[in-house]
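For the sequence shown, full-length UniProt numbering assigns the number 1 to the initial residue and increments by one for each residue that follows.
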Amino acid sequence: MLLLDLNNIHFAYPGLGPVLEGASMQLEPGQRLSLVGPNGAGKSTLLKIIMGLLAPEQGTISAFGKTCTREADFHEVRRRIGFVFQDADDQLFCPTVAEDVAFGPLNLGKSKQEALAIVDNVLTRLGLMHLRDRVTHKLSGGEKRLVTLATVLAMEPEVLILDEPTNALDPENYGRLTGILKELDQAILLVSHDPEFRAEIAPDGYHLKDRELLRV
Ligand SMILES: Nc1ncnc2c1ncn2[C@@H]1O[C@H](COP(=O)(O)OP(=O)(O)OP(=O)(O)O)[C@@H](O)[C@H]1O
């Protein structure tokens, strides 16, 4: 079963020229793919289409073997795909790190005790226990990036989508991130302008060029 199967996607923002014209891509279980292309090519737009935040004018999106058409279909997609946004501030909104990491599991119906166990488990795995009780908005940019990844992993997603995950990371935290990603079993789709990072995590993938996706 394909985790993601996009076929012939066409998309334009209202009143503007086309961003995607016949884009197709597939993601298989355990696969790690990168998505590259110049600034403004439409990478973030494509990720938003996958998550059902933008609707294509033409084409089909299947996730986990099911065609997604209605908004309700994408609720399941958003539960099963963990999306790490480009800007951590869009994703962290609780007073403390522990509360931010617990938010997703609590939302999925876990008890307070279960959620706290998940918080300690995920933060320990990522080597971030020292940040557990810190005030989220006072963290550094790099710390926020890693905490964002913790909030996403706490929900045990089946696929991870990472938009420029190495932004704001110093060499130590860059190394920590690559170490974490290599350990994960989840399929990964990552957008990154960093060739060293792509070579390490997802050397294969798609190039978004002339509004289409080419396998590279
Ligand atoms: N909400 C919007 N309304 C109108 N146009 C938009 C909107 N969001 C993006 N665009 C335009 O759509 C095109 C694709 O943008 P997108 O953000 O998907 O590119 P990208 O490949 O992710 O770029 P980058 O590498 O700079 O992050 C750009 O020309 C951008 O200006």
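Glycine included, every Cβ here is placed at the ideal spot set by N, Cα and C.
N- and C-terminal bounds of the alpha helix (DSSP H) containing residue i
i    : result
D204 : Per DSSP, D204 belongs to no alpha helix (DSSP H) and is neither H nor E.
N39  : That residue, N39, is in no alpha helix (DSSP H); it is neither H nor E in DSSP.
V135 : Per DSSP, V135 belongs to no alpha helix (DSSP H) and is neither H nor E.
K182 : 171-183
R125 : 112-125
P105 : 97-107
Paired residues, beta bridge with residue i - DSSP
i    : result
L4   : L27, A63
S34  : L190, G205
G82  : L160
R215 : Y206
P18  : A12
Q58  : H10
Delimiting residues of the beta strand (DSSP E) encompassing residue i
i   : result
L92 : Per DSSP, L92 belongs to no beta strand (DSSP E) and is neither H nor E.
C-beta contact flag for residue i and residue j at 8 Å
i           : j    : result
residue 228 : V191 : The first residue shown for the chain is 1 and the last is 216, placing residue 228 beyond what the model contains.
P95         : T148 : no
G141        : A98  : no
I9          : L16  : no
L3          : V159 : yes
I61         : L6   : yes
A88         : K144 : yes
A199        : Q31  : no
V152        : V84  : yes
M1          : G65  : yes
P38         : I49  : no
M25         : P105 : no
Expected contact under 8 Å - CB spacing of residue i and residue j to nearest Å
i    : j    : result
A150 : L126 : 5 Å
G52  : C68  : 6 Å
R176 : P18  : So it is not a contact: roughly 39 Å between Cβ atoms.
L27  : L181 : Contact flag wrong, Cβ pair sits at about 15 Å.
L162 : L146 : Not really, about 12 Å apart at Cβ, beyond 8 Å.
D120 : T166 : That pair is no contact at about 26 Å.
Cβ-heavy atom distance, residue i to ligand 3, below 7 Å
i   : result
A41 : Annotation note on ligand 3: not contained in the displayed structure, which lists ligand 1 as its ligands.
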